[in-house]
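Participant: Can you read through this structure? Questions will come right after.
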Amino acid sequence: MRDAGARGDPFSDLGKVWDADPPVVNVSLAEGDTVRFEDAGGRKPSVLANESILIKGLVVRSYSNQISVHFRSRRAPPGSFLLRYQAFVLSCNFPERPAYGDVSVSSLHAGGQAYFYCFTGYQLQGPSTLTCHNATTPYWSGKEPQCLGE
1 MRDAGARGDP FSDLGKVWDA DPPVVNVSLA EGDTVRFEDA GGRKPSVLAN ESILIKGLVV
61 RSYSNQISVH FRSRRAPPGS FLLRYQAFVL SCNFPERPAY GDVSVSSLHA GGQAYFYCFT
121 GYQLQGPSTL TCHNATTPYW SGKEPQCLGE
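Residue numbering for the sequence shown follows this note's numbering, beginning at 1 and increasing consecutively.
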């Protein structure tokens, strides 16, 4: 899988989430066929999906940009499968800029932070920093603050 900004060290992508999309369209394995998807980008491979959970609509999600697929068919002739994928990185939406203030963001990906500040004469009400968290739908760690007149 790929990310336009990812180069070199596979561990530099930790904290990002990668989806194989579109989701599983069809599953047709014969008795005895096995298939296993693993996240291969970490220090130790971790199983993401196998034949017991492959169902129509499943989205395979990885925490690195490297997935390995292991397929075994005991039939003669052997079975096969077709894999189509599109990789993308999930990210938080850009946080709302407070009236009478501004926001700067280190990254919109998991672990990224949004820093809020107010213009002179206004005071920040709420958190000065929010962190993007990893989830099915990434989210900020709290509600954007407001700038209130002093």
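Backbone N, C-alpha and C define an ideal beta-carbon position, used for all residues, glycine too.
My assumption, with CB atoms under 8 Å, is that L130 sits in contact with W140. Please give the rounded CB distance.
Facilitator: 4 Å
Participant: Taking the alpha carbon of S104 as the reference point, which residue from Y115, P77, S28 has its own alpha carbon closest?
Facilitator: Y115
Participant: Out of V59, S28, E31, point me to the one whose CA is closest to F37's CA.
Facilitator: V59
Participant: Name the DSSP bridge partner or partners of H70?
Facilitator: R36
Participant: Between the region 37-46 and the region 63-79, can you find at least three pairs of beta-carbon atoms closer than 8 Å?
Facilitator: Counting C-beta pairs with one atom in each stretch, the region 63-79 and the region 37-46 have three or more that are closer than 8 Å, which means they touch.
Participant: With a threshold of 8 Å on Cβ separation, who are the neighbours of G142 within its own chain once the five nearest residues in sequence on each side are excluded?
Facilitator: G126, P127, L130
Participant: Over what stretch of residues does the beta strand (DSSP E) that includes F94 continue unbroken?
Facilitator: Careful: F94 lies outside any beta strand (DSSP E) and carries neither H nor E.
Participant: Please report the distance separating the alpha-carbon of E150 from that of G121.
Facilitator: 6 Å
Participant: Going by CA-CA distance only, name the one from E51, C92, R74 that's closest to N134.
Facilitator: C92
Participant: Are there 16 or more other CB atoms within 10 angstroms of the CB of S62, so buried, or fewer, so exposed?
Facilitator: buried
Participant: What did DSSP end up calling L130 once you bin it into helix, strand or coil?
Facilitator: strand
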